[in-house]
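A.B. asks: Pasting a structure here, questions to come.
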């Protein structure tokens, strides 16, 4: 999921505005029966392991499933949008290797908007074009910086790959991914694409509500997704799973930690009550990638902890849990997990920005005042 | 004000979550009696034209009014934080002169965080230090880019000015501002510093709620402030005021526009019902700057339109209205108005980020679903 994985402290709500409608959406329903998720009325279980990510992106950004010809055209168009303007490359070259990759994405998106600024008219068609541009080039931004900051190499940000997920793996590893790796990326990107008013999407809508530009809205969303209580959760899950030399060791340790009331990242969800509908599908991806590689340890650890957490706490894994195994088996460094989430969720963010604009509403709640009243001001010379 | 200036369309609420508490704050009360504003319990009318902006920044970021010695130390500290790291300068040099200055600020803040990233621990003391860094160097960021993109000059971002407002004017004009210009900047910055859960502050809190870093939160807030329904309003106000050759011409034209039900930016406010408590003070600033310069036209136009809008619509000017006159008389180009607002409001944003972290709450509302139900998915080959 990545939309929050911390269990609320007893007697204190850790989620604000939970259940309070902050707007309308035709994009998503989530958790109505406890474990369901749909995009524009389509159950994710019907398509997420069958459709290519570009189909889902088209559904979210362009409001319909593409037919064969439209899909072909869309993929070709996205391929042509992978290139980066030279000033953006120069900016990425200024960012050290030690910088958090989410800071790179935040800066890259902000700079993209400084170079390819949205016109003031805020036309829906233009917003869609910018959304396409973002999902096409975000992988290029990340991996141009990744290689340059580590090796000084200015990589080509073009690749022969047809898909966004394939392009990402190609730029990362410098070679063509296998068909099953590309398929794994499609499924993962499909599952992360949209999730109603989660914190990053809501941040995008708050920004868009002021009639600001779409790069500002997506930059804000990236900043929200960066938080460990949101998108950062899959990175934390990976750290847990990599910690153990066997499933037995993992079980013993986690039982002790749960006994000490430690929070285990990757379990539970504020919106789902029964289970995360995305779990079985991403678990299947994790299993088959692990089997193909002949490396079952991390999967076994993750699966054992799934059983333990259910038995001890009746908590289910969310999408982050087996996503971590999947990305690890795709050879993706842990710190690049959340940037992949960005590429996927940008489709949902862009669609929400467009909705917020059509609604023409600014989001401006109130606050409970808890501070002092009627304080007596003194000029600086009279203060103690 | 800058927190929304569009009149709601009839029968449709243009503000979402209005009156719904989305958290606690000890920072601000606004509009309780229809025209009041306090920071940490201190009425702005008591101090905003007397205190230096650094005092108000200290109140908001460091939770108390500084005494004389503390103020001196704080100002010296802020002076030392004006310098920019070389990689940030290189980034700013990549941004064209045609870019919206708010895009520059968004990119500059994002890049500052890529270079001076907040440690994961999210300590309050560290957040305060970063807040000080931001208010000290944001002017440097803006004006380094401003001059380089226009003339190719790599300006010094140090100045002998004691104050943030003075530093801004010094870098902009390349010379020492007068005492009354510095005083005008203090008052303006004081009035813009904090305004409860306005859209940009709320955006910062949504980002901070995921436990993301403070640069992400402030970058998101800058993106929200950029919108013409929020911070961008003072720029729009200026365009209106500059349009006319006399107050009579302005009155005739605005009467016609109001008759056509056009919206006049700079009037009304969703939180204040009686008036904007900041108006008289900023109007005084605008008047005295205009008198000193011997150029009363823009002030006269603005004042006449204040009378007309009250007479015709019972609408009062908000802070943006006479801020526009004031900044114009300070020789600030219109496109730099909202970046000044950033420098001021960063004090409030930082304080809100700290509050949100102490609350440990993620902000995650729900949505009303308005889309189709139970759609039948077809594979791409079967679609029309």
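Protein chains in written order, with our numbering: chain Z, 62 to 445; chain A, 62 to 445.
All C-beta atoms, glycine included, are put in the ideal place defined by N, C-alpha and C.
Since the model is a prediction, treat every value here as computed from it, not as a measurement.
(1) What does residue 111(A) reach in chain Z if we use C-beta pairs closer than 7 angstroms?
(2) Less than 8 angstroms separating the beta-carbons of residue 139(A) and residue 193(A)?
(3) Would you mind sorting residue 442(A) into buried or exposed? The rule is 16 or more other CB atoms within 10 Å of its CB.
(4) Hey, quick one: how far does the beta strand (DSSP E) through residue 270(A) stretch, first residue to last?
(5) What do you get for residue 304(A), buried or exposed, if any count of 16 or more other CB atoms within 10 angstroms of its CB means buried?
(6) Pick helix, strand or coil for residue 185(A), following the three-state DSSP scheme.
(7) Quick check on this structure: which residue in 376(Z), 378(Z), 350(Z) and 367(Z) has the alpha carbon closest to the alpha carbon of residue 389(Z)?
(8) Using a 10 Å radius around the Cβ and a threshold of 16 neighbouring Cβ atoms, would you call residue 393(Z) buried or exposed?
(9) Apart from the five residues just before and just after residue 365(A), which ones in its own chain have a Cβ nearer than 7 angstroms to its Cβ?
(10) For the segment 410-439 of chain Z, list every residue whose C-beta sits within 7 angstroms of some C-beta in chain A, in sequence order.
(11) Measure from the alpha carbon of residue 430(Z) to the alpha carbon of each residue in 88(A), 222(A) and 78(A), then state which is nearest.
(12) Note the first and the last residue of the continuous alpha helix (DSSP H) segment covering residue 388(Z).
(13) Residue 74(A): which of 438(Z), 423(Z) and 242(Z) sits nearest, CA to CA?
(14) Would you say residue 389(Z) faces chain A, with C-beta separation under 8 angstroms as the test?
(15) Does residue 7(Z) come out as helix, strand or coil in the three-state DSSP assignment?
(16) Report the neighbours of residue 172(A) on chain Z: residues whose CB is nearer than 7 angstroms to its CB, in chain order.
(17) Pop quiz: residue 279(Z) and residue 198(Z) are said to be a contact at Cβ under 8 angstroms. What is the actual Cβ separation, rounded to whole angstroms?
(18) If you run the structure through DSSP and keep just helix, strand and coil, what is residue 294(Z)?
(19) Using a Cβ-Cβ cut-off of 8 angstroms, state whether residue 337(Z) counts as contacting chain A.
(20) Who does residue 90(Z) pair with in a DSSP beta bridge?
(21) Relative to the C-alpha of residue 324(Z), which residue among 346(Z), 347(Z) and 297(Z) is closest?
(22) Rounding to the nearest angstrom, what Cα-Cα distance links residue 363(A) and residue 306(A) in this structure?
(23) Among all the DSSP beta bridges, which residues are the ones paired with residue 165(Z)?
(24) Comparing the C-beta of residue 68(A) with each C-beta of chain Z, is any distance below 8 angstroms?
(25) Out of 151(Z), 284(Z) and 373(Z), point me to the one whose CA is closest to residue 320(Z)'s CA.
(26) Report the residues of the segment 186-207 of chain Z with a CB closer than 9 angstroms to any CB of chain A, ordered along the chain.
(27) With residue 249(A) as the anchor, note down where its beta strand (DSSP E) starts and where it stops.
(28) Assess, as a yes-or-no matter, whether the segment 242-253 of chain A is touched by the segment 165-184 of chain A under the definition of 3 or more beta carbon pairs within less than 8 angstroms.
(29) Have a look at residue 158(Z) and residue 286(Z) and give me their C-alpha separation to the nearest angstrom.
(30) Pop quiz: residue 370(A) and residue 402(A) are said to be a contact at Cβ under 8 angstroms. What is the actual Cβ separation, rounded to whole angstroms?
(31) Comparing the C-beta of residue 161(Z) with each C-beta of chain A, is any distance below 8 angstroms?
(32) Using a 10 Å radius around the Cβ and a threshold of 16 neighbouring Cβ atoms, would you call residue 339(Z) buried or exposed?
(33) Whose C-alpha, out of 85(Z), 145(Z), 196(Z) and 229(Z), is nearest the C-alpha of residue 135(Z)?
(34) Tell me, to the nearest whole angstrom, how far the beta carbon of residue 123(A) is from that of residue 189(A); I am working on the premise that it is less than 8 angstroms.
(35) Against residue 333(Z), what residues of chain A qualify as contacts under a CB-to-CB distance less than 7 angstroms, listed in chain order?
(36) Going along chain A in order, which residues have a C-beta closer than 9 angstroms to the C-beta of residue 364(Z)?
C.D. replies: In short:
(1) In the second chain, counting from the first residue as 1, residue 111(A) sits at position 50. Identification of chain Z residues near residue 111(A) by a Cβ-Cβ cut-off of 7 angstroms yields 440, ordered along the chain.
(2) Taking the first residue of the second chain as position 1, residue 139(A) is located at position 78. Taking the first residue of the second chain as position 1, residue 193(A) is located at position 132. Result yes, Cβ atoms of residue 139(A) and residue 193(A) sit closer than 8 angstroms.
(3) Position 381 of the second chain holds residue 442(A). Burial call: exposed.
(4) Position 209 of the second chain, counted from the first residue, corresponds to residue 270(A). Judged by DSSP secondary structure, residue 270(A) falls outside any beta strand (DSSP E) and instead within the alpha helix (DSSP H) spanning 260-270.
(5) By 1-based counting over the second chain, the position of residue 304(A) is 243. With fewer than 16 Cβ atoms within 10 Å of its Cβ, residue 304(A) is classed as exposed.
(6) Sequence index remark: in the second chain, residue 185(A) carries index 124 (1-based). Correct three-state label for residue 185(A): helix.
(7) Here residue 389(Z) refers to the residue found at position 328 of the first chain. When the alpha-carbon of residue 389(Z) is set against those of 376(Z), 378(Z), 350(Z) and 367(Z), the nearest one is in 350(Z).
(8) For the purposes of this step, residue 393(Z) is taken as residue 332 along the first chain, with counting starting at 1. Buried, since its Cβ has 16 or more Cβ neighbours within 10 Å.
(9) Within the second chain, residue 365(A) is the residue found at index 304, counting from 1. The answer, listed in chain order, is 308, 311 and 312.
(10) Within the segment 410-439 of chain Z, the residues whose Cβ lies closer than 7 angstroms to some Cβ of chain A are 421, 422, 423, 424, 425, 426, 427, 428, 429, 430, 431, 432, 433, 434, 435, 436 and 438, listed in chain order.
(11) As a first step, residue 430(Z) must be located in the first chain, where it is residue number 369. Between residue 430(Z) and the set 88(A), 222(A) and 78(A), the nearest pair of CA atoms involves 88(A).
(12) Here residue 388(Z) is taken as the residue at index 327 of the first chain, counted from 1. That run of the alpha helix (DSSP H) goes 380-390.
(13) Working through the second chain from its first residue, we reach residue 74(A) at position 13. Cα-wise, what sits closest to residue 74(A) is 423(Z).
(14) Taking the first residue of the first chain as position 1, residue 389(Z) is located at position 328. With 8 angstroms as the cut-off, residue 389(Z) does not count as an interface residue toward chain A.
(15) Only positions 62 to 445 of chain Z appear in the structure, and residue 7(Z) is not among them; the question remains open.
(16) Walking along the second chain from the start, residue 172(A) turns up at place 111. Going along chain Z in sequence order, the residues near residue 172(A) (Cβ under 7 angstroms) are 168.
(17) Position 218 of the first chain, counted from the start, is the residue given in the question as residue 279(Z). Position 137 of the first chain, counted from the start, is the residue given in the question as residue 198(Z). About 12 angstroms; that fails the 8 angstroms criterion.
(18) Against the first chain, residue 294(Z) aligns to sequence position 233. Assignment of residue 294(Z) by DSSP, reduced to helix, strand and coil, places it in the helix class.
(19) The residue given as residue 337(Z) occupies position 276 in the first chain. No Cβ of chain A is located within less than 8 angstroms of the beta carbon of residue 337(Z).
(20) Within the first chain, numbered from 1, the residue matching residue 90(Z) stands at position 29. In DSSP, residue 90(Z) forms a bridge with 99(Z).
(21) Residue numbering aside, residue 324(Z) sits at position 263 when the first chain is read from its first letter. Measuring from the Cα of residue 324(Z), the nearest candidate turns out to be 297(Z).
(22) In the second chain, counting from the first residue as 1, residue 363(A) sits at position 302. In the second chain, counting from the first residue as 1, residue 306(A) sits at position 245. Take the alpha-carbon of residue 363(A) and the one of residue 306(A): they are about 12 angstroms apart.
(23) Residue numbering aside, residue 165(Z) sits at position 104 when the first chain is read from its first letter. For residue 165(Z), which the question treats as bridged, DSSP gives no partner whatsoever.
(24) Mapped onto the second chain, residue 68(A) falls at position 7. Interpretation of residue 68(A) is limited by its pLDDT of 39, a score under 50 that renders its predicted location unreliable; the figure taken from the coordinates is listed afterwards. At a cut-off of 8 angstroms between beta-carbon atoms, residue 68(A) makes no contact with chain Z.
(25) To locate residue 320(Z), count along the first chain from 1; it is residue 259. A check of alpha carbon separations from residue 320(Z) across 151(Z), 284(Z) and 373(Z) identifies 373(Z) as the nearest.
(26) Correct list: empty, as no residue qualifies.
(27) Translated into the one-based positions of the second chain, residue 249(A) becomes position 188. Note, residue 249(A): premise wrong, no beta strand (DSSP E); alpha helix (DSSP H) at 240-253.
(28) They do not touch, by the three-pair rule.
(29) The count along the first chain starts at 1 and reaches residue 158(Z) at position 97. The count along the first chain starts at 1 and reaches residue 286(Z) at position 225. Rounded to the nearest whole angstrom, the C-alpha separation of residue 158(Z) and residue 286(Z) is 21 angstroms.
(30) Residue mapping note: residue 370(A) aligns to position 309 of the second chain, counting from 1. Residue mapping note: residue 402(A) aligns to position 341 of the second chain, counting from 1. Under the criterion of beta carbons closer than 8 angstroms, residue 370(A) and residue 402(A) do not qualify as touching, at roughly 22 angstroms.
(31) Numbered from 1 along the first chain, position 100 holds the residue referred to as residue 161(Z). Residue-level contact by beta carbon holds for residue 161(Z) and chain A, with a gap shorter than 8 angstroms.
(32) Here residue 339(Z) is taken as the residue at index 278 of the first chain, counted from 1. Flag for residue 339(Z) reads buried.
(33) On the first chain, residue 135(Z) is found 74 positions in, with the first residue counted as 1. Residue 135(Z) has its Cα closest to that of 196(Z), out of 85(Z), 145(Z), 196(Z) and 229(Z).
(34) Position 62 of the second chain holds residue 123(A). Position 128 of the second chain holds residue 189(A). That belief holds up - the Cβ atoms of residue 123(A) and residue 189(A) are roughly 6 angstroms apart, short of 8 angstroms.
(35) For the purposes of this step, residue 333(Z) is taken as the residue at position 272 of the first chain. The contacting residues do not exist; residue 333(Z) stays about 13 angstroms from chain A at best.
(36) Position 303 of the first chain holds residue 364(Z). Near residue 364(Z) there are no residues of chain A at all, since even the closest Cβ is about 28 angstroms away, more than 9 angstroms.
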